[in-house]
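Novice: As you go down the protein sequences, you meet chains A and B in turn. What the first sequence shows, in this note's numbering, is residues 81 to 537, in sequence order. What the second sequence shows, in this note's numbering, is residues 95 to 333, in sequence order. We put the CB at the ideal spot given by N, CA and C, even for glycine. What follows is a structure written as C-alpha cells; I'll ask about it next.
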Amino acid sequence: MRLRYIAALWIGKSIRTVMRLFGRNATFLPGRIAVAICPSFLSLIGKPPRVIAITGTNGKTTVANLVVNSLEALGISVLNNSYGSNTATGISCALFAGSTWTGKPKKDVAVLEVDERSAMHIFPHINAELIVVTNLFRDSIMRNAHPAYIAGILDANIPANTKLLLNADDLITCRIAPSNPRAYFGLRQMDGDVKECINLINDFQICPKCNSELIYDYRRYHHIGRAHCSSCDFKSPDYNYSGQINPTDSTALTVSDSGSSQSIKLPGDSVFNIYNTLTAYAALCEFGIRSDEAANALSKAELPKTRYNEVEAGGVRVIMHMGKERNALANSRAFDYVASRPEEKELILMMNGLGEAKVWSENICWLYDCDFEFLNKDNITRVVSTGARALDYSARLRFAGLPPEKLRYSKDELKAPNELILKPGTSVYIFYGTDSIDLAYRVRDAVCKKAGEINKP
Amino acid sequence: MIIEALYPELCNLYGEAMNAEYLHRTVQDCELVKTSLKMRPAFLDKDVDFIYLGSMTETGQELAIPALREHYQRILELIDTGTVFLVTGNAMELFGTYIENEDGTQIKALGLFDLHSKRQMMRRYSSIYLGTFDTIDIVGFKSQFAHIYENSEPPVPALFETRRGAGRAPGQKEEGARINNFFATSVLGPLLILNPPFTRYILSLLGVHSYTLPYEQEILTAYNARLSEFKDPKTGVEY
C-alpha cells in the first residue's frame, strides 16, 4: 500500500508539474491518475492540520470562496479546491498542490468544497474538524435523485465526531447525522415570507416523526422556513447564528450569536446570497475567528463574476445570471429574483447541458419542477429559448402561461441575440449553466454588440 | 369528470405532478382532487374517472404501500370496471409483490402484478426511453434505483414494447405492466406532456372526444424533435 501511495504521489505530482508547464490548470487529471494507482490516496496524503469542508446542493462554491477570501484577508494561508472539481479527484489535486514531494502539507488550513454526492469518497478520509452543509435541494435527477437520498449519503459518511454547521431553516439539512455535535444558522422572518408554498418543489411537507402535516410558521421558498408538526413536538431547531436583514438598510445583514451582534455588508441582495454570507460568517466563527474580524472580512467580499455580472451597452443592461443546468431549484431561485426586479426586461434561456447534448438527449423532466411561472410577468417582454433543449423551454414557457407572441426560438445560442428588441433603459438577462459559462460570455458579447448597433448615440 | 392525484405530498418528484394537471387543463368541467396520505380517497365515494400516482422517495414508498393497501379491494373493483389508472416512475414498484433492498430484506408490496423490484441504491440507472404502445411511439426518461423482474410464468402483460433503453430491466423488451385500463410504467416525468399521441389515447378511453390539447403546437413540435433524436442511433441511451 505504501509503495502504491508513493508511486501515486510522485506520478501525480509529476503530471501536475508538466501540465502546469504547458499552461494547464491540472485540477482533475493528476488526481484521477493518483486515485487509480492508489485507491486510498486521499486517505494517505498529508492534510493540513485544520480542515473545513463545505457541502450542500447550492451555495457551496460561493460559501467556500467567501471563507477562503476572508481567511486570506486575515493573513491565513489557505489550501482550497476553488479552481478544480469538488469530487475526490479534484480534492486529491488540491492536496497535491498543497503538499511537498514527500506528501507533507505546506499549509495549516484547508477549505474544501465537497460534492455532496461524493461524500462517501471524501468525508471518511479528510479529517475535517467542521463540515458545513448549506442546504439540500433537488438537483440532477440522474445523479442526485432527491434530497432525502443525498441526506442519507451524508448521514452514512460523516465521521461521528465531526462538528456540523447546519442550516436550521432547511428541515432536510438540519436532521443530518443527529448524534454529531452541531451548530445552526438561520435567517429570521423577512418581508416577503409566506406560509403556503408557492413553488412547485416542496420537499418537506410531512412530519418525519409521525407523518402528520407540517405547519410552516413562515416559509421563504420551497421547504426553507420554520415549521412545526401539527400533531407532535417536532419543530425547527433554534439558531446559534441568527441573521436578520437591517430594516433600514437592505444591504446589511446583522448576525447575533450568544456573545455578539455584528453587521455585515452584503455582496448581493438575493436571498440566496444573504444565506451564503450568513453561512460563511458562522463557519468563520466556528473556526475560531473573532466575530468582528469575520464580519469585517466578509464585508469586503465580492461574488464570483462567473455566477453573476452586469455590463451596459447601447443603454441596455446585460446581466449574466447563472441558473445551473438540470437544476430546477437553482433556476427557480434565479427566475424568482429576476422576475422581482422592477425594470422591463428580456431573457435568453440557455441552461442546456452542453456535455450531455454531445452524447445523449438531456432528461428534461426538471423543467416541470422549475417555476417557469415566475416569468409570466408584464415586465418580461420577450423570452428567447436557445440551444439543444430550446423547444422544450418553449413548451414549458407556454405551460407557464406565457403567450406565444412573447416567445422566440433560436437553435444557435450565438444567434439568440438577433431575437431581442434591446430597447434603451431595459435589461437583458442571460440564464446559463456551469457547462456553458464560456458560451454565455460570448452570447453576452453578441448582445452587447447588437445593442450598441441598434442604439447608436 | 374527476381526476384524482394520490398523495401529492409524497408523489411530486421529477415534474410528474404536471401529468394530472395537463389532463385537467385539457378537459372542460374537470375536477382535480388531490388526496393526501391521511385523507379519505375520493375514489371510495365518488365516480373518479382517472387516478394518478407518481414517483416518490423510498421512504415515501413505504408510507404509500400501507395507505393503498387499506383500499386495495376497492382498487381491484375499479380496475375490473375499467377506471383509468396511470402509475409512473417508482410508483409502479408498489404494485408488484415486493421491493427487495440490497441487504436482501423485502418490503411487501400490493401484489397486483406478479413482479418484484430490486433496489441498488448506489447504482442509479438513467437512460432515454423509446418504446411503442400499440402503434404510438413513446418517448421518455428513466432514472431509478430499482429494476423490475417477473416472479414466474405466465408473463405479466407489458405496457410498452421497448426499442431503446431498458424495459423492466436492462435487456428486456417488456416495459411496465397493464391490466384493463390500469397502466403502470417505470418511465418517469411529465409523460403525458412529452407524449401527446398517448395523451389522446388516454382521453379517448376517458370518453373525451371534443378537446384541443393545450399548447398543442409547441408540445407536438418538441415531441417530434425528441422522437427524431431518440431514433437516431448516434444518440446515446444511458447517462
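Taking a Cβ distance cut-off of 9 Å, strictly less, list which residues of the region 269 to 295 of chain B are near chain A, in chain order.
Specialist: Per Cβ criterion, the list reads LEU282, GLY283, PRO284, ILE287 and LEU288.
Novice: What first and last residue would you give for the alpha helix (DSSP H) that runs through CYS173 (chain A)?
Specialist: Taken as a continuous stretch (DSSP letters only), the alpha helix (DSSP H) holding CYS173 (chain A) covers 168 to 177.
Novice: For the region 389 to 398 of chain A and the region 526 to 535 of chain A, state whether three or more C-beta atom pairs, one from each stretch, are separated by less than 8 Å.
Specialist: Taking 8 Å as the limit for Cβ pairs, the verdict is that the region 526 to 535 of chain A does touch the region 389 to 398 of chain A.
Novice: Measure how close the beta-carbons of ALA377 (chain A) and SER150 (chain A) come, nearest whole angstrom, since I'm counting them as under 8 Å.
Specialist: Sure, about 4 Å apart at Cβ, within 8 Å.
Novice: With a threshold of 8 Å between beta-carbons, can LEU471 (chain A) be considered close to chain D, or not?
Specialist: Within the model displayed, chain D is absent; protein chains A and B are what it includes.
Novice: If you draw a straight line from the alpha carbon of PHE292 (chain B) to that of ASP174 (chain B), how long is it in whole angstroms?
Specialist: Approximately 22 Å, taken between the alpha carbons.
Novice: Note down the Cα distance separating ASP329 (chain A) from THR357 (chain A), rounded to an integer number of angstroms.
Specialist: Roughly 16 Å separates the two Cα atoms.
Novice: Quick check on DSSP: helix, strand or coil for SER220 (chain B)?
Specialist: In the structure shown, SER220 (chain B) sits in a strand (DSSP, three-state: E or B).
Novice: Look at the alpha carbon of THR107 (chain A) and the alpha carbon of GLN238 (chain B), and state the distance between them as a whole number of angstroms.
Specialist: Computed Cα separation, rounded: 31 Å.
Novice: Measuring alpha carbon to alpha carbon, tell me which of B:VAL142, B:ARG294 and B:LYS325 ends up nearest GLY259 (chain B).
Specialist: Among B:VAL142, B:ARG294 and B:LYS325, the Cα nearest to that of GLY259 (chain B) is on B:LYS325.
Novice: Three Cβ pairs or more, each shorter than 8 Å: is that satisfied between the region 286 to 301 of chain A and the region 381 to 390 of chain A?
Specialist: Contact between the region 286 to 301 of chain A and the region 381 to 390 of chain A is absent, because fewer than three Cβ pairs lie under 8 Å.
Novice: Answer yes if the region 181 to 200 of chain A comes into contact with the region 152 to 159 of chain A, meaning at least three C-beta pairs across the two stretches below 8 Å, and no otherwise.
Specialist: Segments in contact, yes.
Novice: Hey, out of A:VAL274, A:LEU494, A:THR461 and A:ASP472, whose CA is closest to PRO483 (chain A)'s CA?
Specialist: Nearest option by C-alpha distance: A:THR461.
Novice: Quick one: residues in its chain with C-beta nearer than 6 Å to the C-beta of VAL302 (chain B), no 5 flanking neighbours on either side, listed in chain order?
Specialist: Closer than 6 Å at Cβ, skipping near neighbours: VAL121.
Novice: Identify the residues that DSSP records as bridge partners of ASP250 (chain A): which are they?
Specialist: Bridge partners of ASP250 (chain A): A:ILE304.
Novice: Suppose only complete runs of 3+ residues qualify. What are the beta strand (DSSP E) ranges in the region 96 to 154 of chain A, listed by chain order?
Specialist: Segments of the beta strand (DSSP E) lying fully in the region 96 to 154 of chain A: 130 to 135.
Novice: From PRO160 (chain B) to GLY348 (chain A), what distance separates their C-alpha atoms?
Specialist: If you take the alpha carbons of PRO160 (chain B) and GLY348 (chain A), they lie about 48 Å apart.
Novice: Tell me whether the region 482 to 499 of chain A and the region 406 to 422 of chain A touch, counting them as touching only if at least three CB pairs, one residue from each stretch, are closer than 8 Å.
Specialist: The answer is no - the region 406 to 422 of chain A does not touch the region 482 to 499 of chain A, with fewer than three Cβ pairs under 8 Å.
Novice: Is the Cβ-Cβ distance between ARG213 (chain B) and ILE193 (chain B) less than 8 Å?
Specialist: Against a cut-off of 8 Å, the Cβ pair of ILE193 (chain B) and ARG213 (chain B) comes out as a contact.
Novice: I'd like the span of the alpha helix (DSSP H) that includes ASP235 (chain A), first residue to last.
Specialist: It spans 227 to 237 - the alpha helix (DSSP H) in which ASP235 (chain A) sits, taken as one unbroken run.
Novice: Quick one: list the residues of chain A neighbouring LEU157 (chain B), beta-carbon separation under 9 Å, in chain order.
Specialist: In chain order: ILE286 and ASN291.
Novice: The region 449 to 478 of chain A: which residues have C-beta closer than 7 Å to a C-beta of chain B, in chain order?
Specialist: Answer in chain order: ASP449, LEU471, ASP472, SER474, ALA475 and ARG478.
Novice: Under 8 Å, Cβ to Cβ, is there at least one residue of chain B near TRP181 (chain A)?
Specialist: It does not: the Cβ of TRP181 (chain A) has no partner Cβ on chain B nearer than 8 Å.
Novice: Using 8 Å as the limit for Cβ to Cβ distance, is VAL439 (chain A) near chain B?
Specialist: Yes, VAL439 (chain A) lies at the interface with chain B (some Cβ there is under 8 Å from its Cβ).
Novice: For a contact defined as C-beta to C-beta under 8 Å, what are the partners of ASN41 (chain A) on chain B?
Specialist: Outside the displayed range of chain A (81 to 537) lies residue 41 (chain A), so it cannot be described from this structure.
Novice: Report the start-end ranges of each beta strand (DSSP E) in the region 161 to 190 of chain B that is 3 residues or longer and not cut off at the edges.
Specialist: Listed in chain order, the complete beta strand (DSSP E) runs (minimum 3 residues) inside the region 161 to 190 of chain B are 178 to 181.
Novice: Starting from SER322 (chain A), follow the beta strand (DSSP E) in both directions and report where the run begins and ends.
Specialist: That run of the beta strand (DSSP E) goes 321 to 326.
Novice: Let me check one thing: in DSSP terms, what residues is LEU210 (chain A) bridge-paired to?
Specialist: According to DSSP, which records beta bridges pairwise, LEU210 (chain A) is partnered with A:ILE132 and A:LYS243.
Novice: Does the beta carbon of ARG320 (chain B) sit closer than 8 Å to a beta carbon anywhere in chain A?
Specialist: So yes, ARG320 (chain B) belongs to the interface.
Novice: Quick check: the Cα distance between VAL527 (chain A) and MET402 (chain A), rounded to an integer number of angstroms?
Specialist: If you take the alpha carbons of VAL527 (chain A) and MET402 (chain A), they lie about 17 Å apart.
Novice: Count the C-beta pairs between the region 193 to 211 of chain A and the region 130 to 143 of chain A that are closer than 8 Å, then say yes if the count reaches three, no if not.
Specialist: Because the criterion of three Cβ pairs below 8 Å is met, the region 193 to 211 of chain A and the region 130 to 143 of chain A touch.
Novice: From ASN224 (chain A) to PRO537 (chain A), what distance separates their C-alpha atoms?
Specialist: Between ASN224 (chain A) and PRO537 (chain A), the C-alpha separation is close to 50 Å.
Novice: In chain A, which residues lie less than 8 Å from GLU323 (chain B) when you measure between Cβ atoms?
Specialist: The answer, in chain order, is SER441.
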